[in-house]
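Asker:
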Amino acid sequence: MIAILEPFSDQGHVNMFKSMLAMDNATSNVNGKIWLFWINDLTCKVLKNDEQQITCEINHTEAPGTYIKTFVYAKCKDYLRRPLWDRLLHFADTRDDTPWCTVGDFNVITDTEEKLGGIPYNMRKSIEFIGVIEACGLMDLGFNGPKFTWSNQRGINFRIWKRLDRAMVNDRWLQIMPHTTITHLPSVGSDHCPLLMEMAVRPENHIKYFRFLNCWADQPEFTETVTNCWNRPIEGHPMWIFHQKSKRLASTLSFWSKMQFGDIYAKVRDYEERVRQAEEDLIHNNTEEQRTKLHGINAEYIKFMKLEDSILKQKTQLQWFKEGDGNSKYFHALIRGRRRRLFIHKILKDNDEWVQGDDHIAQAASTSTPSTVMKQIQGIMADFFWGWRNDKKKYHWSSWKNLSFPYDEGGIGVRTMNDVYQAFQFKQWWTFRSKQTLWGDFLRAKYCQRSHPISKKWDTGESQAWRLLMKNKHTVESNIQWKIRNGSCSFWWDNWLGVGPLAHFTQNSNRFNIDSVSEFIENGHWNMPKVLRVAPPSQVHNILSMQLQLQQGLPDQAVWKLNTSGLFSVSSAWNSIREKKEKTKINTYTWHPKIPFKCSFLLWRAIRGKLPTNEKLLSFGMEPSDCHCCHSPGIDTIEHIFNSGDFAKAVWKYFAISLGIQTDFLPLRNMIMRWWSVTHNNEAHKLILQSTPIFICWNLWKNRCAAKYGGKQSNIARVKHLVILDTFKLLHTVFPYISWPLRWNMLCNVIEKCTQDTKVTAVQWTKPPYRWVKLNTDGSALSNPGSIGAGGVIRNHLGEIILAFSTPLGTGTNNQAEVEAAIFGITWCIHMKYNYVILEVDSQLLVDWLKNSKSIPWNISSQIHQLHQLVTQLDQFKCTHTFREANFVADVLSKHSHQIPNPQVYFNSQQLPKLAAAYFQQDLAGMASFRRRKLRRIKEPP
11 MIAILEPFSD QGHVNMFKSM LAMDNATSNV NGKIWLFWIN DLTCKVLKND EQQITCEINH
71 TEAPGTYIKT FVYAKCKDYL RRPLWDRLLH FADTRDDTPW CTVGDFNVIT DTEEKLGGIP
131 YNMRKSIEFI GVIEACGLMD LGFNGPKFTW SNQRGINFRI WKRLDRAMVN DRWLQIMPHT
191 TITHLPSVGS DHCPLLMEMA VRPENHIKYF RFLNCWADQP EFTETVTNCW NRPIEGHPMW
251 IFHQKSKRLA STLSFWSKMQ FGDIYAKVRD YEERVRQAEE DLIHNNTEEQ RTKLHGINAE
311 YIKFMKLEDS ILKQKTQLQW FKEGDGNSKY FHALIRGRRR RLFIHKILKD NDEWVQGDDH
371 IAQAASTSTP STVMKQIQGI MADFFWGWRN DKKKYHWSSW KNLSFPYDEG GIGVRTMNDV
431 YQAFQFKQWW TFRSKQTLWG DFLRAKYCQR SHPISKKWDT GESQAWRLLM KNKHTVESNI
491 QWKIRNGSCS FWWDNWLGVG PLAHFTQNSN RFNIDSVSEF IENGHWNMPK VLRVAPPSQV
551 HNILSMQLQL QQGLPDQAVW KLNTSGLFSV SSAWNSIREK KEKTKINTYT WHPKIPFKCS
611 FLLWRAIRGK LPTNEKLLSF GMEPSDCHCC HSPGIDTIEH IFNSGDFAKA VWKYFAISLG
671 IQTDFLPLRN MIMRWWSVTH NNEAHKLILQ STPIFICWNL WKNRCAAKYG GKQSNIARVK
731 HLVILDTFKL LHTVFPYISW PLRWNMLCNV IEKCTQDTKV TAVQWTKPPY RWVKLNTDGS
791 ALSNPGSIGA GGVIRNHLGE IILAFSTPLG TGTNNQAEVE AAIFGITWCI HMKYNYVILE
851 VDSQLLVDWL KNSKSIPWNI SSQIHQLHQL VTQLDQFKCT HTFREANFVA DVLSKHSHQI
911 PNPQVYFNSQ QLPKLAAAYF QQDLAGMASF RRRKLRRIKE PP
């Protein structure tokens with residue numbers, strides 16, 4: 011059936027359009043403003059029509075019963091629409107029991123959210139319409155597609171959108187056809203969107219899942235029924251027992267409810283009829299027996315009424331109904347409304363493809379993440395961030411996605427829900443693989459009895475929890491490595507070698523191969539014949555080169571490679587998932603922990619054009635306003651307010667001159683970068699160069715808003731004073747021990763003359779005690795990670811060289827170089843039979859690791875373990891920290907390692923490189939070096 015409103019064509023052309031549309035029948039209302047067309051499958055009888063509506067009684071060959079439709083084309087003036095409202099009210103009163111739908115152009119909206127653009131809407135125009143909707147008991151069907159159905163088609167700055175077209179139905183319609191939907195189609199050749207109404211009759215062949223009814227717990231037999239069912243024994247795994255008992259209890263309760271209560275709704279209707287009949291019998295035969303019979307039937311009726319109300323309250327999820335508020339008709343209406351809203355007609359996939367049909371929707375819904383829920387949560391967070399005014403959301407000047415970057419990448423440090431959601435999914439796989447949990451044991455027992463989890467794939471019919479694990483496993487596994495302790499991890503599927511699962515390096519199917527690493531180890535060493543026979547040829551060398559450090563009794567340990575500690579963290583997972591941008595100086599300097607967020611965020615918005623100035627307000631269809639800082643007409647723009655206007659120029663010039671910064675005109679971004687590129691003398695000078703542009707922009711904006719909205723006069727002196735005051739507060743907070751002046755030129759003079767406090771310490775190498783040797787080592791890395799090398803020197807109690815070394819180590823990190831240097835030196839001490847050793851290094855981290863006072867990074871844990879084992883071979887051992895100035899010999903030798911292809915060993919000072927030999931002579935003579943270190947603290951000028 012097709013309805014055309016305001017056809018802009020003569021009424022005599024109806025039959026011509028009927029043929030063009032391939033319809034069988036046609037009619038129109040009295041003034042020809044509403045045309046109806048339908049096919050022979052429909053029987054349409056016009057009940058009433060006037061200038062604003064046509065009401066029809068309709069039957070369809072495939073739909074049971076008769077239903078009424080009112081097609082509306084309302085007048086533009088509110089007083090002219092009143093006859094239409096009267097007609098709708100009259101029809102609602104006379105046909106309350108008939109399914110009724112009214113659809114069309116009502117030329118009025120019901121909420122301010124249904125209009126965009128133009129002047130604010132006056133809701134008094136809609137009071138009559140809203141009252142008619144409520145009085146008629148109509149419910150808006152909602153819509154799919156664009157939000158608005160009408161546009162005035164004017165220029166972009168003067169365009170207005172409204173939702174004037176809608177469809178509404180009564181409760182009886184919802185009861186008969188709860189799955190009716192409205193779709194707003196694209197408006198082509200008209201200022202209105204066509205409305206597509208679809209009335210679907212869904213077959214009642216869906217699975218009825220178990221639902222616990224609260225009213226059961228009030229029955230005296232309930233507890234006994236549950237206890238008897240639950241206590242019946244079942245053999246098997248604890249999770250299997252729990253699953254089977256729950257399944258059996260659901261079946262038992264369903265059967266018990268059916269036997270105890272039957273069909274409660276049918277019994278209510280049955281007892282309703284029995285009460286009516288008993289009342290009539292009492293009227294005709296007023297005896298005590300009939301009265302007793304009526305009371306008995308009434309008691310049963312009330313009992314089932316209470317049960318019905320309890321069930322309906324639970325279904326509608328109404329918590330505010332109190333005992334005695336039972337209204338079954340109202341409950342049923344709510345349930346039908348909820349069912350209609352919950353009915354899913356189609357799903358839009360990630361590739362913008364629509365999925366339709368019950369079976370296809372069910373399959374797609376069960377394998378899709380709840381993106382709508384995450385968008386709603388993200389929207390709530392965005393609403394909270396941008397704020398509300400008069401119960402309305404403020405405009406979101408930037409999307410949450412653009413905000414969701416670290417400060418130095420142009421964001422404000424928040425995160426998107428999708429990234430957080432995926433990071434927690436990664437955590438779920440990590441927990442499944444690295445820990446023994448009840449749910450993990452259950453999933454392994456259910457899906458991985460004969461194969462390894464890495465080799466598994468998700469199959470149809472398996473749980474959604476398992477599907478999500480399978481979806482993320484490859485990404486997460488690439489960041490997991492296994493540390494061999496007792497060899498319990500899988501030889502083929504766990505990444506214990508650091509190159510990924512060995513199963514990926516062979517053509518053979520190892521899906522069901524559950525060999526562990528321990529099966530390839532014999533007496534603490536690799537079983538070479540078995541490795542050569544079984545392992546992939548390309549990885550044999552890597553396997554045999556791997557040093558084993560077995561710890562019997564301890565299972566192999568999973569290591570999270572994205573965290574130095576080896577432990578999983580959601581933040582590291584999030585950082586691997588999220589979109590990344592280039593780090594820039596302007597993004598980094600916009601933020602400072604001591605500068606208020608609101609000031610930095612204002613600059614962030616100004617640089618990106620996210621402020622309500624003329625260039626933005628014009629796009630909203632609003633009239634441009636004059637500048638409120640210097641009263642220049644029509645140029646209230648970001649550049650003018652913050653930089654190019656006479657008012658802003660005067661402010662920038664005042665503050666720039668005292669700091670020696672050029673004041674010629676530049677765009678705002680370039681002007682700020684000029685300030686932040688000036689070379690600073692000390693930390694206070696650096697802070698003022700960073701903060702002053704932020705405070706200038708903040709107070710220029712405050713001045714503009716105070717003049718525009720607060721009725722104040724724009725005042726340069728006030729802006730200057732506020733900038734100085736903000737800067738003074740910041741300096742006093744960061745450097746409270748200095749007396750800062752409040753005059754700008756004096757403040758700049760003091761800051762530029764402040765000096766950085768320097769700590770000077772005399773440092774010298776000391777000889778070891780008698781019978782002891784001292785081993786000084788150092789590691790060197792050209793980049794981190796990059797080419798690394800080690801150097802060291804062993805000296806006796808006289809300070810004489812016993813041995814020195816310089817050795818390249820390949821590629822790695824600076825920490826690896828430090829540890830390998832210590833291992834190399836300790837190994838030489840043991841080889842030369844020196845059992846009293848002092849290890850002296852300039853790495854405090856290495857000292858802490860050897861003393862177990864700090865957690866050891868996973869990537870050097872095996873080297874630290876090796877170092878601990880070497881130390882146990884010494885009679886006595888000490889590890890101390892020294893400054894680099896007392897470790898110059900080892901430092902020079904480690905740097906020298908980058909210039910040689912192979913390790914070099916020196917046995918006297920004449921063999922040392924020249925610079926190392928010079929530092930050795932300085933140490934031998936007991937000469938001190940001076941360590942100078944700039945402190946963060948600054949000194950006030952005299």
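Quick note: the sequence shown uses our numbering, first residue 11, plus one each step. Don't be surprised by glycine CBs; every beta carbon is placed ideally from N, CA and C.
1) DSSP three-state call for residue 140: helix, strand or coil?
2) Just list the residues that DSSP pairs residue 813 with in beta bridges.
3) Restricting to Cα atoms, I'd like to know which of 537, 693, 461 and 774 is closest to residue 768.
4) Do you know whose CA, among 121, 155, 893 and 61, lies nearest residue 772's CA?
5) Could you spell out where the alpha helix (DSSP H) holding residue 480 opens and where it closes?
6) Cβ of residue 44 within 7 Å of Cβ of residue 18?
7) Between residue 830 and residue 789, what straight-line distance do the alpha-carbon atoms span, to the nearest angstrom?
8) Sorted by chain position, which residues of the same chain lie with C-beta nearer than 7 Å to residue 204's C-beta, five sequence neighbours on each side aside?
9) Going by the DSSP bridge assignment, what does residue 844 pair with across the sheet?
10) What is the DSSP secondary structure of residue 614, reduced to helix, strand or coil?
11) What's the C-alpha gap between residue 650 and residue 950?
12) Please report the straight-line C-alpha distance between residue 405 and residue 157, rounded to a whole angstrom.
13) Specify, as a first and last residue, the run of the alpha helix (DSSP H) that residue 530 falls within.
14) Along the chain, which unbroken stretches of the alpha helix (DSSP H) at least 4 residues long are found entirely within the stretch 66-104?
15) Which class does residue 260 belong to by DSSP, given the choice of helix, strand or coil?
16) Under 8 Å by Cβ, that's how I've got residue 657 and residue 754 pegged, so tell me the actual separation to the nearest angstrom.
17) In the DSSP assignment, find the unbroken beta strand (DSSP E) run with residue 194 in it and report its ends.
18) May I have the straight-line CA-CA distance separating residue 97 from residue 184, to the nearest angstrom?
19) Alpha carbons only, please: which of 624, 705 and 569 is nearest the one belonging to residue 605?
20) Starting from residue 431, follow the beta strand (DSSP E) in both directions and report where the run begins and ends.
21) According to DSSP, which residues form a beta bridge with residue 891?
22) So, at 8 Å on beta carbons, what are the nonlocal neighbours of residue 750 in its own chain, with the 5 sequence-adjacent residues on each side left out?
23) I need the boundaries of the beta strand (DSSP E) containing residue 590, first residue and last residue.
24) Any idea if residue 190 is buried or exposed, counting beta-carbon neighbours within 10 angstroms, 16 or more meaning buried?
25) For residue 208, list the residues DSSP reports as bridge partners.
26) Taking Cβ positions, are residue 77 and residue 15 nearer each other than 7 Å?
27) Determine the direct distance from the alpha carbon of residue 865 to that of residue 930, and round the result to whole angstroms.
28) Indicate the three-state DSSP secondary structure (helix, strand or coil) for residue 705 in the structure shown.
29) Please report the residue range of the alpha helix (DSSP H) in which residue 941 lies.
30) Kindly identify the DSSP beta-bridge partner or partners of residue 953.
31) Using 8 Å as the threshold, is the stretch 905-920 in touch with the stretch 863-879, meaning 3 or more CB pairs across them?
32) Per DSSP, which residues does residue 651 bridge with? Please list them.
33) Under 7 Å, do residue 659 and residue 419 count as touching if we go by C-beta distance?
34) What residue does the beta strand (DSSP E) around residue 114 start on, and which one ends it?
35) Hey, quick one: how far does the beta strand (DSSP E) through residue 575 stretch, first residue to last?
36) Are residue 68 and residue 79 closer than 7 Å when you measure CB to CB?
Answerer: With the structure as the only source:
1) helix
2) 804
3) 693
4) 893
5) 474-487
6) no
7) 8 Å
8) 195
9) DSSP lists no partner for residue 844.
10) helix
11) 38 Å
12) 18 Å
13) It is not in any alpha helix (DSSP H) - residue 530 carries neither H nor E in the DSSP assignment.
14) 92-104
15) helix
16) Their Cβ separation, rounded to whole angstroms, is 18 Å, which puts residue 657 and residue 754 out of contact at 8 Å.
17) 189-194
18) 22 Å
19) 705
20) Counting along the chain, residue 431 falls outside any beta strand (DSSP E), though it belongs to the alpha helix (DSSP H) covering 427-444.
21) 851
22) 738, 741, 742, 757 and 760
23) Element bounds for residue 590: n/a, residue is neither H nor E.
24) buried
25) 191
26) no
27) 34 Å
28) helix
29) Where residue 941 is concerned, there is no enclosing alpha helix (DSSP H), although the beta strand (DSSP E) it sits in stretches over 939-949.
30) Any property of residue 953 remains undetermined from this structure, which presents the chain solely from 11 to 952.
31) no
32) Residue 651 is not bridged to any residue.
33) no
34) 110-115
35) Note, residue 575: premise wrong, no beta strand (DSSP E); not H, not E.
36) yes
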